[in-house]
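Working notes, beginning with the structure itself.
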Amino acid sequence: MSSARTAIEKNIIEKPVLKSTKIRIRGKWWRLEIKQLAPVKREGSWVPLYGLCNYETRVVTLNPQFDMGATLLHEITHACQPDLDEVTVEEIEDAHINAKKALEKLIAK
Ligand SMILES: [Zn+2]
379 MSSARTAIEK
389 NIIEKPVLKS
399 TKIRIRGKWW
409 RLEIKQLAPV
419 KREGSWVPLY
429 GLCNYETRVV
439 TLNPQFDMGA
449 TLLHEITHAC
459 QPDLDEVTVE
469 EIEDAHINAK
479 KALEKLIAK
């Protein structure tokens, strides 16, 4: 038994991929997959995992238990710009979602 394995690594290994396809991100091929992800322990409490972005394997994973549209924007932002901090990625995700809602309202007018 390996006790060194992290909760995120266990998620990657243990859950089956429900669906997957290939996507191109900044000139490189990535795999986009839908897979249930178990919660992970962060600073002593369990938090849900909405998605993952793995730079080494170039795989973006979306958890279908949550809004995959929002998670897609978030994880693709990570994939495009690995050096961005989490707060900035969340701000970009929110900006996309707000802009999309505003455009939908505008079109419906
Ligand atoms: Zn993130």
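Per this note's numbering, the sequence shown starts with residue 379, numbered consecutively.
Backbone N, C-alpha and C define an ideal beta-carbon position, used for all residues, glycine too.
Item to check | Contact set for lysine 478: own chain, Cβ-Cβ below 7 angstroms, skip 5 residues either direction | outcome: For this step, residue 478 is matched to residue 100 along the sequence shown. Within the same chain, lysine 478 has no close Cβ partners at all.
Checklist entry - Should glutamate 421 be listed as close to ligand 1, given that the test is whether its C-beta is under 8 angstroms from any heavy atom? => result As a first step, residue 421 must be located in the sequence shown, where it is residue number 43. No; taking the cut-off as 8 angstroms, the Cβ of glutamate 421 has no heavy atom of ligand 1 nearer than that.
Item to check | Lining residues of ligand 1 - beta-carbon closer than 6 angstroms to any non-hydrogen atom, in sequence order | outcome: His452, His456, Glu464, Val467
Checklist entry - Taking contact to mean at least 3 C-beta pairs separated by less than 8 angstroms, is the region 415 to 427 in contact with the region 395 to 404? => result no
Item to check | Residues near proline 426 in its chain [Cβ-Cβ closer than 6 angstroms; skip 5 each side] | outcome: Translated into the one-based positions of the sequence shown, residue 426 becomes position 48. Excluding positions up to five away in sequence, the list reads Pro417.
Checklist entry - What's the gap between the Cα of alanine 385 and the Cα of alanine 486? => result If you number the sequence shown from 1, residue 385 lands on position 7. If you number the sequence shown from 1, residue 486 lands on position 108. In this structure, the CA atom of alanine 385 is about 44 angstroms from the CA atom of alanine 486.
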